[in-house]
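Novice: Got a structure for you, written out below as structure tokens; questions coming shortly.
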């Protein structure tokens, strides 16, 4: 925020978007060639010892089920808790979709604090590079993934766990930090978190930045190449990358921006969602054992415990609860081009943990197994088109895992699938809208519009991991 | 939302903003000359009989204090309720401002439904006119004020009170409504409402619109002229008018849009606000009598009951609770021009009923009497500059009342005051930022950024009632 009386700058810095675009099309890095990346990651793995074991709840240190509620809490009252949620959804004009239950109860993570997810960027040889970290998270299927420069809960930076300082944090919290490229509170998973947001930041460093162990500089194009592979780029990186500004090469869209905002307002007004916390012990349909809290039909997810030891984390060993989904998820965008302008089909989604009723999600977002017991009218729209898509129409496909600090092996298959009029009509069905990537980039400048799964898909577009045609 | 496969329009309809600007500078209406307005309003008053009397709670029909909570509720469970709220505010980096209590309890209105506030506009003689309604609300000091075309709670249009249809509602809810100019969920008063939003809509009619009794067509410039007078244009009109698109003649600002959004994100992250509903009977410092619920020191506001009879309302007579503030409020923007670009000083405000921690409010917003018992360091910043402002620096001043359907004689003095470096420094103090009207107009396209008092001031700029220099 450097501005003086005499210089009142333009409100818009379009040059930043152009520089981001140049980095996204740079497949070569100035500091680490992509072919060297695997060896570097393996070396970081070898340099640190990681071990994650499942443990019964009784073996969790400092965690217990509170008397009177059975909520799973830490004795300090910090970090997070697992509580119960009761959700009722009703709708006015066009009813609740067939695949949304009118009411349900579930465990949910409560963590009423805002963390920082920050990527530091810097120009090398005229191209922006991102400072990425090889970071272990206990829930990652392969433990070590590429995380943002900084991934800090408020507990982290206020030192609740008495660990080491968070490297590079000063670039995000100090008033003299560099130039801010993006800074927005984005929602986490609305099905697993109660109204949780994190601060997604991209900051350009102004001076020299010393390179520490476990960190490397990569162009957006290099990160895009890694995003084409499974389980390399972690969720925190993906959500931050979704907030990148990029030029809108088209400037056109089926709905004007005003019409799109009106559609979102209509969807948000349409639903009435009452979500209230309640004691975990009072949840219908869920039971607690010694090793997990689970749904009595084995669906949705479990709450489990793990013990972790790690060499490069702020503290060397700890135990914690994690959410373990039952089955792999799917998150897919159906895409079409109208008059030469690529669009994706977004869906207005109700999730129990959202702060504000609905957010825009992928065309299809679900865990297929959770619908196996239901009649076909309760299956999500477009699911079958996505599952049976002609491989020639698949523009992007990779498996990514959700935040490994809270979720155990929470993998989803992310897809972008090209459709035609028969598969996805020009007139979007109720609850869906065709929007352009440029419009999504305008929306993610603000919170509570685009959900975390859709932000992963947007990150794939932003880094050229996926291309629409 | 009319678009076909072959026409993918530009995302932006700048021509609408220009037409809005033309209407704002049109002091003459094509259908009703401004000098005729007073006679018309007096005639509407005469044509309908209105009477509002204070009544004790026992005389409220259908309303009672629920057993076990003392919450004031309607026997149907609809309309709204008056409950209790417990608020705790903490802050990280730069502390809680001196004029914000770290914790408090208060009664609050709970109305978890989204109403529609809609203004229908139409071109006459090449100038946009707004269809405004002379509407009685029991809490208005002068009962009859100018309201939007439609002002409908969900209870209204789902016919809870078995009254008449809401005229012109079809222009806002039908899929074949006209062209949408603005459509956004905006917060109501965060000090009096618990997380209440209304849908603010401006729609351009495409066909003929029959003119009904109690309605008139006015240009924005005419409405601006009425906004210079006290208590003519009601709060619902003002919030809708704040959402008007207008061209940004400058395109420049002290903070770029990215810096402004980053500042808002920082303020939002900085605060931790825990607000939870609790039974009205358990509130510390509040007592219930037969005629009101009030604070034991006589500050803030009272909950009272009224009986109403009206000729042109959907139902002819009713009783209801209202919130009656103690003392007149003040809501003032301090303005300065930097390098020829006018700016206003906004404040990041915490209010207990906000959905998302902070919204941008006026430079000063308070009821002076509520601070009389406190030491000077607990008085709001800039309050004394505003109270003692040289009349030559006052760019706008009028008294307006807040929503007369919920608030009894809730008047505030709205002011725009020009300042210099000594009164309001170029480097805005912590918690404040200099922003341009153009930036505020970009923010009000989205919800939860600009609070209802600041939106009244913005409506005054949009309609040329106030001009910055």
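Residue numbers (my numbering), protein chains in the order written: chain A, 61 to 529; chain B, 61 to 529.
Just so you know, even glycine gets a beta-carbon here, dropped at the ideal spot from N, CA and C.
Quick check on this structure: which residue in 258/B, 303/B, 95/B has the alpha carbon closest to the alpha carbon of residue 499/B?
Specialist: To locate residue 499/B, count along the second chain from 1; it is residue 439. The shortest C-alpha separation from residue 499/B is found at 303/B.
Novice: With C-beta atoms as the reference, is residue 406/B less than 7 Å away from residue 495/B?
Specialist: Against the second chain, residue 406/B aligns to sequence position 346. Against the second chain, residue 495/B aligns to sequence position 435. Yes, the pair counts as a contact, with Cβ atoms nearer than the cut-off.
Novice: CA-CA distance, residue 503/B and residue 511/B?
Specialist: To locate residue 503/B, count along the second chain from 1; it is residue 443. To locate residue 511/B, count along the second chain from 1; it is residue 451. If I take the Cα positions, the gap works out to 11 Å.
Novice: Applying the criterion that 16 or more other CB atoms from any shown protein chain within 10 Å of the CB defines a buried residue, is residue 154/B buried or exposed?
Specialist: To locate residue 154/B, count along the second chain from 1; it is residue 94. Classification of residue 154/B: exposed, given that the 10 Å Cβ count is below 16.
Novice: Would you tell me roughly how many angstroms separate the C-alpha atoms of residue 266/B and residue 238/B, rounded to the nearest one?
Specialist: If you number the second chain from 1, residue 266/B lands on position 206. If you number the second chain from 1, residue 238/B lands on position 178. Cα to Cα, residue 266/B sits roughly 5 Å from residue 238/B.
Novice: Would you call residue 349/B buried or exposed, if buried means 16 or more other Cβ atoms sit within 10 Å of its Cβ?
Specialist: Taking the first residue of the second chain as 1, we reach residue 349/B at position 289. Result: exposed.
Novice: Closer than 9 Å by beta-carbon distance: list the chain A residues that pair up with residue 499/B, in chain order.
Specialist: Along the second chain, read from residue 1 onward, the residue named residue 499/B stands at position 439. The answer, in chain order, is 71.
Novice: Looking at the C-beta of residue 306/A, does it have a partner C-beta in chain B at a distance below 7 Å?
Specialist: Mapped onto the first chain, residue 306/A falls at position 246. Cβ-Cβ to chain B under 7 Å: no for residue 306/A.
Novice: Measuring alpha carbon to alpha carbon, tell me which of 413/A, 354/A, 115/A ends up nearest residue 386/A.
Specialist: Mapped onto the first chain, residue 386/A falls at position 326. Among 413/A, 354/A, 115/A, the Cα nearest to that of residue 386/A belongs to 354/A.
Novice: Should residue 412/A be flagged as near chain B, meaning a C-beta pair shorter than 7 Å?
Specialist: Within the first chain, numbered from 1, the residue matching residue 412/A stands at position 352. It does not; no Cβ of chain B falls within 7 Å.
Novice: Residue 311/A touches chain B at which residues, Cβ-Cβ below 9 Å?
Specialist: One-based indexing of the first chain puts residue 311/A at position 251. Chain B residues near residue 311/A: 70, 71, 72.
Novice: By the three-class DSSP mapping on this structure, what secondary structure does residue 399/B have?
Specialist: For the purposes of this step, residue 399/B is identified with residue 339 of the second chain, where counting begins at 1. Looking at residue 399/B - three-state DSSP - the assignment turns out to be coil, as it is neither helix nor strand.
Novice: What residue does the beta strand (DSSP E) around residue 365/A start on, and which one ends it?
Specialist: Looking up residue 365/A in the first chain gives position 305. It spans 361 to 370 - the beta strand (DSSP E) in which residue 365/A sits, taken as one unbroken run.
Novice: List the endpoints of the continuous alpha helix (DSSP H) containing residue 100/B.
Specialist: Within the second chain, residue 100/B is the residue found at index 40, counting from 1. Segment 94 to 107, the alpha helix (DSSP H) holding residue 100/B.
Novice: Give me the Cα-Cα distance between residue 260/A and residue 461/B, rounded to the nearest whole angstrom.
Specialist: On the first chain, position 200 is the one that residue 260/A refers to. On the second chain, position 401 is the one that residue 461/B refers to. Rounded to the nearest angstrom, the two C-alpha atoms are 39 Å apart.
Novice: Could you give the first and the last residue of the continuous beta strand (DSSP E) run that contains residue 295/A?
Specialist: The count along the first chain starts at 1 and reaches residue 295/A at position 235. Premise fails: residue 295/A lies in the alpha helix (DSSP H), 295 to 301, not in any beta strand (DSSP E).
Novice: May I have a chain-ordered list of the beta strand (DSSP E) segments no shorter than 3 residues that lie completely inside the region 262 to 336 of chain A?
Specialist: Listed in chain order, the complete beta strand (DSSP E) runs (minimum 3 residues) inside the region 262 to 336 of chain A are 275 to 279.
Novice: If you reduce the DSSP assignment to three classes, tell me which class residue 504/A lands in.
Specialist: Against the first chain, residue 504/A aligns to sequence position 444. It is coil, neither helix nor strand.
Novice: Closer than 7 Å between beta carbons: that is the criterion. Which residues of the region 174 to 195 of chain B meet it against chain A?
Specialist: Those residues of the region 174 to 195 of chain B that come within reach of chain A (Cβ to Cβ, closer than 7 Å) are 174.
Novice: Between the beta-carbon of residue 404/B and the beta-carbon of residue 384/B, is there less than 7 Å?
Specialist: Here residue 404/B refers to the residue found at position 344 when the second chain is read from its first residue. Here residue 384/B refers to the residue found at position 324 when the second chain is read from its first residue. Contact flag unset, no.
Novice: Label residue 489/B either buried or exposed according to how many other C-beta atoms from any shown protein chain fall within 10 Å of its C-beta, with 16 as the threshold for buried.
Specialist: The residue labelled residue 489/B in the question sits at position 429 within the second chain. Exposed, because fewer than 16 other Cβ atoms sit within 10 Å of the Cβ of residue 489/B.
Novice: Less than 6 Å separating the Cβ of residue 197/A from some heavy atom of the ligand SAM?
Specialist: The ligand SAM is absent from the structure shown, which contains no ligands of any kind.
Novice: From residue 178/B to residue 297/A, what does the alpha carbon distance come to, in whole angstroms?
Specialist: For the purposes of this step, residue 178/B is taken as the residue at position 118 of the second chain. For the purposes of this step, residue 297/A is taken as the residue at position 237 of the first chain. Taking the straight line joining both Cα atoms gives about 41 Å.
Novice: Taking 7 Å as the threshold (beta carbon to beta carbon), is residue 225/A in contact with chain B?
Specialist: Position 165 of the first chain, counted from the first residue, corresponds to residue 225/A. Chain B, which has no Cβ nearer than 7 Å to the Cβ of residue 225/A, makes this no.
Novice: Using only alpha-carbon positions, find the residue among 168/A, 172/A, 306/A, 110/A that is nearest to residue 417/B.
Specialist: Counted from its first residue, the second chain places residue 417/B at position 357. Ranking the options by Cα distance to residue 417/B, first place goes to 172/A.
Novice: With three or more C-beta pairs closer than 8 Å as the rule, is the region 241 to 258 of chain B touching the region 321 to 332 of chain B?
Specialist: No: the two stretches stay apart, fewer than three of their Cβ pairs being nearer than 8 Å.
Novice: Is residue 445/A near residue 483/A, with beta carbons less than 7 Å apart?
Specialist: The count along the first chain starts at 1 and reaches residue 445/A at position 385. The count along the first chain starts at 1 and reaches residue 483/A at position 423. Taking 7 Å as the Cβ cut-off, residue 445/A and residue 483/A qualify as a contacting pair.
Novice: Counting beta carbon pairs with one atom in the region 111 to 126 of chain B and one in the region 310 to 323 of chain B, are three or more of them shorter than 8 Å?
Specialist: These segments do not touch.
Novice: Exposed or buried, residue 222/A, counting other C-beta atoms within 10 Å across all chains shown (16 or more means buried)?
Specialist: The sequence position of residue 222/A within the first chain is 162, counting from 1. Confidence in residue 222/A is poor, its pLDDT being 45 and thus under 50, which makes the residue's placement too unreliable to answer from.
Novice: With DSSP run on the structure shown, which of helix, strand or coil describes residue 204/A?
Specialist: Indexing the first chain from 1 puts residue 204/A at position 144. Note: residue 204/A maps to strand in three-state DSSP.
Novice: Compute the beta-carbon to beta-carbon distance between residue 191/A and residue 209/A, rounded to the nearest angstrom, for a pair I have assumed lies under 8 Å.
Specialist: Working through the first chain from its first residue, we reach residue 191/A at position 131. Working through the first chain from its first residue, we reach residue 209/A at position 149. Rounded, the Cβ-Cβ distance is 4 Å, consistent with contact.
Novice: Could you have a look at residue 211/B and say whether DSSP puts it in helix, strand or coil?
Specialist: Start at 1 with the first residue of the second chain, and residue 211/B comes out as number 151. Strand, per DSSP.
Novice: Taking only beta carbons into account, state which residues of the region 452 to 468 of chain A come closer than 9 Å to chain B, listed in chain order.
Specialist: Answer in chain order: no residues at all.
Novice: According to DSSP, is residue 220/A part of a helix, a strand, or is it coil?
Specialist: Within the first chain, residue 220/A is the residue found at index 160, counting from 1. Only weak support exists for where residue 220/A lies, its pLDDT of 48 falling under 50; the value from the coordinates is given anyway. Residue 220/A: coil per DSSP, three-state reduction.
Novice: List the endpoints of the continuous alpha helix (DSSP H) containing residue 74/A.
Specialist: Here residue 74/A refers to the residue found at position 14 when the first chain is read from its first residue. Residues 74 to 84.
Novice: Which residues of chain B have a Cβ atom closer than 9 Å to the Cβ of residue 332/A, listed in chain order?
Specialist: Numbered from its first residue, the first chain carries residue 332/A at position 272. 172, 173, 174, 214, listed in chain order.
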